[in-house]
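In the UniProt record's numbering, the protein residues as written are 1 to 573. So the structure is just underneath, and the comments pick up after that.
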DNA sequence: GCTCTGTCTA
C-alpha cells in the first residue's frame, strides 16, 4: 500500500497518471478505495490534471465513495464549466451515496463562480437538512455565495445565525458589503469586529480599504492604514496595493505615491494601481513616466498597464501619446482588448476626431460593446455630430441598452440643433421603453462622518439649511452671469422647474452641505457614483470662484479639482 | 487529510 501512495505522490504529469491507472487495472487494484481516490483527485484538481480524464476514470468505478464524488465535484467547480459541478452534485444527492459537508462546499464554490443564487439556495436547504449548519467553513462559503450573487440580506442572515465564526466569516461579509454597494456597513462591521476582540488580518483590511476607496472615506482609510502599520500587515504587497488605491480614490495621489515609493517589493498590480491613480487625477505625464519606469524595474507592462496609461492620456488630453501607446501594444506582444479600443475611441472622440474614432470602431476585430458606443455617443454630443450620434444610438438600441443616459445624450444632440420634433420622439421612446435610470448619489465626509445625498434629497437632518444655501448659490451664480443649461433636463416641465431639478442634484447638495459645515477656506471633497452632470460642472466652477473654495469632485471616471473658477479636467471629460 | 475570506480595468 505504502509503495502505491509514494508512486501517486511522484506523479507530475497526465501520462504518469495514465501509466499508474494501467498498473492499477492490471494488478486489479483500481477497486482499492484510498489509492483510486488519490488518483482521481490528482486527475481532477492538480495543475497537470485533466477533467475529462477524471470523469472518465470516475465512470469506471463501480461503487464510488463520497470522496470519489468529492474529487470530481471539486475539480469541476474549479474548472472552466462550474455548472457541471452543480449538475454532478444534483446527481450525487439523488443517488444513494452520502453527500458530506465537503461536497456541499465544492458545489457552493461552483455557485459562487457562477453567481448562481437560486442553486445556492437549494444547496442551502440541503445543508440545513443534513445538519451541516454548525460547520463554520461551510457556512462561510454559503455566506460568500450569497454576497457575491448580490443577496446581501441573505449573506447577513447566514452570518447572524452562525454559532461559531472564524476570521474568514467576517472577511467574507466585509468584502461582500464592500463590493455590493453597501460600503458604509462594511466599515461599520470592520470596526465592530475589533470591538468584539477580533484581530483583522490581511484579507480583512483589503475589504475595509476597498470600502473606504469607494466612499472616499479618508479618515476611516487612514485609521485602517494605521492599523496595518501597527500590525505589520504592510509586509504584504496586496495590502499595500489596496492602500495606494485607497489614498488615490480619496483624493490624495501624493500620499498614494509615498506608499508606492516606500514599498520594498512591488508586483505588477502595484505599478498598475499607481499608474491608474495618476490617471484618475489627470496627471498624464506622471502616469506615463511611471509606465516607462516599470520596464526599467524589470516589470513588463501588461494589458492593464496599457489601459491605465491610455486612460491617463484620455484624462490629460494627450491624444498623440495615447494613439502611439495603443499602436505600440502589438510590438510588446499584447493584443488590445475591447477596453483598449474603447479607450482610444474615447481619446479620439474627445479630441473631436470622430471620423477616425468611427473608423477604428468599424475595423476592430471584436464586437464593440455598449460602453464603446456610449463613448462615441458622448463624443458626438460634445461635438454636436447628429449623424454619428444617431449611428451610436441605433447600435445601443439594437444591443438592448435601455439606459437613461443614452437617450438623454441623443436628445441633447437634437436639442443643440433645435430639432424639437426629434427631441420629442426620443422622449416618447423613453416613456414607452421604461428606461433604466441609475439613481445618482454623492458622498461627502465631514469630521470623519460620511453623508450621503440623492437628487432632491430632503432626508438629511440639515436639509433646510442646505436648501437655503442652494438658494443663495442660485442667486449669487446668476449675479455672476450663470444661465442654467436646462437642456440637461428632459422632463416636460416649465423653465423654472427645470432649473430647480438641476439645482438639487446630489453633487450640489453635497457641496452646499460642505460649504455650511466646514470652516472657510477648507477644501471640499465630494464623491459621485455617476459622471458629474454638465450643469453641476459649470456651477461648481463658479462656486469655487465666488466662495473662494477648492472643491474636488470624484466622479465615476476621474477627479475634478475646481479652483478659481476653473476645473483640472479643462472641461474635457 | 482535504473546504472558507482577497488588491488594479475606458
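We treat Cβ as the ideally placed atom computed from N, Cα and C, and that holds for glycine.
- Per-residue DSSP class, three states only, for residue 579: Coverage of the chain is limited to positions 1 through 573, which leaves residue 579 absent and any answer about it impossible.
- Task: Quick one: using the 10 Å Cβ neighbour count with 16 as the cut-off for buried, is residue 420 buried or exposed?
- Result: Residue 420 sits exposed, since fewer than 16 C-beta atoms from the chains shown fall within 10 Å of its C-beta.
- Item | Sufficient close CB pairs (3 or more, under 8 Å) joining the segment 554 to 573 to the segment 324 to 334 | They do not touch, by the three-pair rule.
- Pull up the distance between the alpha-carbon of residue 235 and that of residue 262, whole angstroms please. If you take the alpha carbons of residue 235 and residue 262, they lie about 11 Å apart.
- Message: Closer than 8 Å is the cut-off here; do at least three beta carbon pairs connect the segment 171 to 179 with the segment 215 to 227?
- Response: Contact between the segment 171 to 179 and the segment 215 to 227 is absent, because fewer than three Cβ pairs lie under 8 Å.
- Task: Compute the Euclidean distance between the alpha carbons of residue 441 and residue 529, then round it to the nearest angstrom.
- Result: Each residue's alpha carbon lies about 6 Å from the other.
- Item | Close-in-space but distant-in-sequence residues of the same chain around residue 310 (CB under 8 Å, 5 per side omitted) | Hits under 8 Å: 322, 325, 326, 340, 343, 344, 347.
- Task: Using a threshold of 8 Å, state whether the C-beta atoms of residue 147 and residue 172 are closer than that.
- Result: A contact, by the Cβ cut-off of 8 Å.
- Ordered along the chain, which non-local residues of its own chain (more than five positions away) have a Cβ less than 6 Å from that of residue 210? The answer, listed in chain order, is 178.
- Query: In three-state DSSP terms, what is residue 61?
  - Reply: Coil, per DSSP.
- Message: Can you tell me whether residue 458 is helix, strand or coil according to DSSP?
- Response: In the three-state DSSP reduction, residue 458 falls in the coil class, being neither helix nor strand.
- For residue 519, does the count of other Cβ atoms within 10 angstroms reach 16, so buried, or fall short, so exposed? With fewer than 16 other Cβ atoms from the protein chains shown falling within 10 Å of its own Cβ, residue 519 counts as exposed.
- Task: Could you tell me which residues DSSP puts in a beta bridge with residue 547?
- Result: The secondary-structure analysis by DSSP pairs residue 547 with nothing; it has no beta-bridge partner.
- Query: Whose C-alpha, out of 289, 278, 275, 271, is nearest the C-alpha of residue 299?
  - Reply: Closest by alpha carbon: 271.
- Query: Who are the near neighbours of residue 435 in its chain, counting only those whose CB is closer than 8 Å to its CB and skipping five residues on each side?
  - Reply: Taken in chain order, the residues that qualify are 402, 403, 404, 407.
- If you pair each beta-carbon of the segment 282 to 298 with each one of the segment 236 to 251, do three or more pairs fall below 8 Å? By the criterion of at least three beta-carbon pairs nearer than 8 Å, the segment 282 to 298 is not in contact with the segment 236 to 251.
- Query: Taking C-alpha atoms, which residue in 144, 58, 504 lies nearest to residue 115?
  - Reply: Ranking the options by Cα distance to residue 115, first place goes to 144.
- Query: Which two residues bound the contiguous alpha helix (DSSP H) that contains residue 214?
  - Reply: Taken as a continuous stretch (DSSP letters only), the alpha helix (DSSP H) holding residue 214 covers 202 to 215.
- Would you mind sorting residue 314 into buried or exposed? The rule is 16 or more other CB atoms within 10 Å of its CB. Under this definition residue 314 is a buried residue.
- Do residue 376 and residue 358 come within 8 Å of each other at the CB atom, strictly closer than that value? A contact, by the Cβ cut-off of 8 Å.
- Query: Looking only at its own chain, which residues have a Cβ that is under 7 Å from the Cβ of residue 273, when we skip the five neighbours before and after it?
  - Reply: Only residues of its own chain outside the window of five on either side were considered, and among them 241, 244, 245 have a CB closer than 7 Å to the CB of residue 273, listed in chain order.
- Message: Taking only three categories from DSSP, how would you classify residue 231?
- Response: Judged by DSSP in its simplified three-state form, residue 231 adopts coil rather than helix or strand.
- Item | Cβ neighbour criterion (16 or more within 10 Å) applied to residue 438 | Classified as exposed, residue 438 has fewer than 16 neighbouring CB atoms from the shown chains inside 10 Å of its CB.
- Per DSSP, residue 563 is paired with what? In the DSSP output, where bridge partners are listed per residue, residue 563 has 566.
- Query: Which one or two residues does DSSP pair with residue 261 in a beta bridge?
  - Reply: For residue 261, which the question treats as bridged, DSSP gives no partner whatsoever.
- Message: As a quick exercise: from 155, 113, 101, pick the residue whose alpha carbon is nearest that of residue 129.
- Response: For residue 129, the closest of 155, 113, 101 by C-alpha to C-alpha distance is 101.
- Message: Please report the distance separating the alpha-carbon of residue 71 from that of residue 166.
- Response: Their backbone Cα atoms lie some 25 Å apart in a straight line.
- By DSSP, does residue 281 sit in helix, in strand, or in coil? Secondary structure at residue 281: coil, using DSSP grouped into helix, strand and coil.
- Under 6 Å Cβ to Cβ from residue 269, same chain only, skipping five residues before and after it: list those, please. Hits under 6 Å: 241.
- Separation of residue 201 from residue 546, as counted between CA atoms: One C-alpha to the other measures close to 47 Å.
- Message: Taking a contact to mean a Cβ-Cβ separation below 8 Å, would you say residue 106 touches residue 74 in this structure?
- Response: Less than 8 Å separates the beta-carbon of residue 106 from that of residue 74.
- Task: Determine the DSSP secondary structure at residue 95, reduced to helix, strand or coil.
- Result: In this structure, residue 95 counts as coil in the three-state DSSP scheme.
- Return the first residue and the last residue of the alpha helix (DSSP H) that residue 572 is part of. Here residue 572 belongs to no alpha helix (DSSP H), and DSSP marks it neither H nor E.
- Item | Of the residues 157, 152, 154, 224, the one placed nearest residue 187, counting alpha carbons only | Comparing Cα positions, the closest option is 224.
- Do you know how far the Cα of residue 522 is from the Cα of residue 502? Using only the alpha carbons, I get a separation of about 25 Å.
- Classify residue 417 as buried or exposed, calling it buried when 16 or more other Cβ atoms lie within 10 Å of its own Cβ. With fewer than 16 Cβ atoms within 10 Å of its Cβ, residue 417 is classed as exposed.
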